[in-house]
Structures are given as C-alpha cells and as structure tokens.
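Data first, discussion second: the structure below is written as structure tokens.
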Amino acid sequence: MLRLILLGPQGAGKGTQAVRIGEKYQVPTISTGAIFREHVKNETPFGLEAQKYMKGGDLVPDELVIAIVEERLKEEDCRNGFLLDGFPRTVCQAERFDQFLKSLEQSIDKVINIVVDKQVLIDRTVGRRVCKVCGATYHICYKPPKVEGICDVCGNPIIQREDDSEEAVTRRTEVYIKKTQPLVEYYNKKGVLAVINGQQSMDKVFQDIVDALGVK
Ligand code: AMP
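Each number in the numbering used here corresponds to the 1-based position in the sequence shown with 9 added.
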C-alpha cells in the first residue's frame, strides 16, 4: 500500500518518473492534466470549461478539480494505493484532499518534490513535444523522435501542447510559484516531504526516489 504525491513544476520530469514509480510499486498514476486533456478532446461539459483556463496556463478552479479527483480515487484500482501527478496544486486542494482521505481513514505516505532550476524548466518545457494519439513525450534536443515529427511508438504526428508555448509556460511558472510552491511547506510540516534533485540523469532521480520511499 503506497499513497504518493508527485510535486514539482512543469518540466521537472514528473511524468517520466511517474511511469517508473507506477510500474515498480504497482500503483496507478493519476495525472489530473492528462484526465483534463482527455475531457477537452472529448468536448465534455467539464472539458469545455477547463479548456478556458488550461489554454493560457491558468489553474482550473478548485471545486471542479476536487470533484474529478475524488471520483477517480473511488475506482477499484486505487484500493492498494495511487500516485498523484499534478494534484494537489493549491493549499485549498490539499486541505480538501486531506479531509477526503480522513473520511476514508487513509493518509498520504510520501510527497516527492522534484526540484529543478527555473531556466532549465522553461527550456525543457518549451522544447517538449507529445504524440497526439498515444501521449508519448519527446524533446526536440534531448529526446528527439527517430523520424522528425513522427511518434516512435505509434507513428502518429507529434505536436507541441498548446500550453507549452513560451508565453503559457512563463505563466504556468508564475502560477506554480504563487499557488503550488506553498504546498512544499504544507507537506514539510506534516513530515511527509522528500526533496529530490531533478537535475540528474533520469535513472539517478528514480534511484533517489526509491531510496526516499524506503520501500524496495
Ligand atoms: P499538467 O499536465 O499537470 O501540466 O496540467 C495541465 C493543465 O491542467 C494545468 O496547466 C492546469 O491548467 C490544469 N490542471 C492540472 N492539474 C490541475 C490541478 N490540480 N488544479 C488546477 N488545474 C490543474
């Protein structure tokens, strides 16, 4: 049983590490950003509302986010734990989430905060490309696809996410510092925070996470 939160700004490598953690500890990864993008793609009422905020790099209002997360965590596959990527993003979300877990007599085991310098984050995010169909991620310099513009995994076109434009990334960084950064102190006070240096190789970052979790 492992209930985890991955904290860190866009470009910190949360998505990459989430996949590896999920595989090693056999817990589902729940990415609010990915859930929201699916809603936007399917043009659900929630998706149409969320898109207004996501496009410019702003946060989706807390009430909408919390409802979606609670619904997802009630699903069968979360019975043995979960890894949250991109949630909570505000102190309000964290407080509401604590209440929700308490009502289920549960609590968070660890919050992994991946730390990376601001300029590196912008560079990583603006160069990021994703597959429109399968969601595989690339970087124009650090991890280019074998054939330019085409996904190695499924052969479909890779694109830049609308909110990875330089303007939106700058906005998201500001929003992160103002709204999400306070969560570091919030979870530190609770004694569940692990700080990980994100400017190392992917393998070393993963190893540090495994060590911090203390579960082999
Ligand atoms: P991400 O893929 O985590 O970078 O999320 C993409 C976008 O979805 C963010 O820039 C926000 O607009 C929205 N989003 C994702 N998670 C949350 C959250 N927990 N609270 C508010 N908005 C969120």
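The C-beta atom is built at its ideal place from N, Cα and C for all residues, glycine as well.
This one's a predicted model, so the numbers in the text were calculated from it and none came from an experiment.
To the nearest angstrom, report how far apart residue i and residue j are at their CA atoms.
i	j	result
Ile218	Ile121	7 Å
Pro166	Lys50	16 Å
Val224	Asn89	15 Å
Gln35	Thr146	22 Å
Arg138	Ile149	7 Å
Gln209	Leu110	33 Å
Ile168	Leu57	21 Å
Cys143	Asp107	33 Å
Phe55	Val135	27 Å
Phe45	Arg81	12 Å
Asp220	Ile205	10 Å
Asp132	Ile159	21 Å
Arg98	Lys188	7 Å
Cys140	Ala59	21 Å
Gly164	Lys83	35 Å
His48	Asp212	32 Å
Following the continuous alpha helix (DSSP H) through residue i, name the residue where it begins and the one where it ends.
i	result
Gly109	Per the sequence presented here, residue 109 reads as Phe, with Gly not at that position. Note, Phe109: alpha helix (DSSP H), Val100 to Ser112.
Asp217	Met211 to Leu222
Asp94	Segment Gly90 to Asp94 is the beta strand (DSSP E) holding Asp94; no alpha helix (DSSP H) there.
Leu73	Asp71 to Leu82
Val28	Lys23 to Tyr34
Leu192	Pro191 to Lys198
Leu57	Pro54 to Met63
Along the beta strand (DSSP E) that carries residue i, what are the first and last residues, could you check?
i	result
Tyr147	Thr146 to His148
Thr38	Thr38 to Ser40
Lys119	Lys119 to Val124
Val139	Arg137 to Cys140
Val204	Leu202 to Asn206
Gly180	The identity of residue 180 in the sequence shown is Arg, whereas the question assumes Gly. Counting along the chain, Arg180 falls outside any beta strand (DSSP E), though it belongs to the alpha helix (DSSP H) covering Glu175 to Val184.
Quick one: is residue i buried, meaning 16 or more other Cβ sit within 10 Å of its Cβ, or exposed?
i	result
Ile30	buried
Asp86	exposed
Gly24	buried
Tyr196	buried
Gln26	buried
Thr38	buried
Val214	buried
Val129	exposed
Gly95	buried
Gly22	buried
Asp173	buried
Gly207	buried
Ala76	exposed
Pro191	exposed
Since residue i and residue j should fall inside the 8 Å C-beta cutoff, what is the C-beta to C-beta distance between them, to a whole number of angstroms?
i	j	result
Val193	Leu16	7 Å
Gln19	Val156	Incorrect: roughly 26 Å between the Cβ atoms, too far for contact.
Leu113	Ile14	The Cβ separation is near 16 Å, so there is no contact.
Val78	Thr41	6 Å
If we define contact as Cβ-Cβ less than 8 Å, is residue i a contact residue for chain C?
i	result
Leu15	Among the chains of the structure shown, chain C does not appear; only one protein chain is present.
Open item on the list: Taking 8 Å as the cut-off, does the region 71-82 touch the region 102-114 (at least 3 CB pairs, one atom from each stretch)?
Closed with: The region 102-114 and the region 71-82 touch, with no fewer than 3 CB-CB distances between them shorter than 8 Å.
Task: Inter-stretch contact at 8 Å, needing at least 3 Cβ pairs: the region 182-201 / the region 110-125 - done: yes
Task: Sufficient close CB pairs (3 or more, under 8 Å) joining the region 177-185 to the region 53-66 - done: Because the criterion of three Cβ pairs below 8 Å is met, the region 177-185 and the region 53-66 touch.
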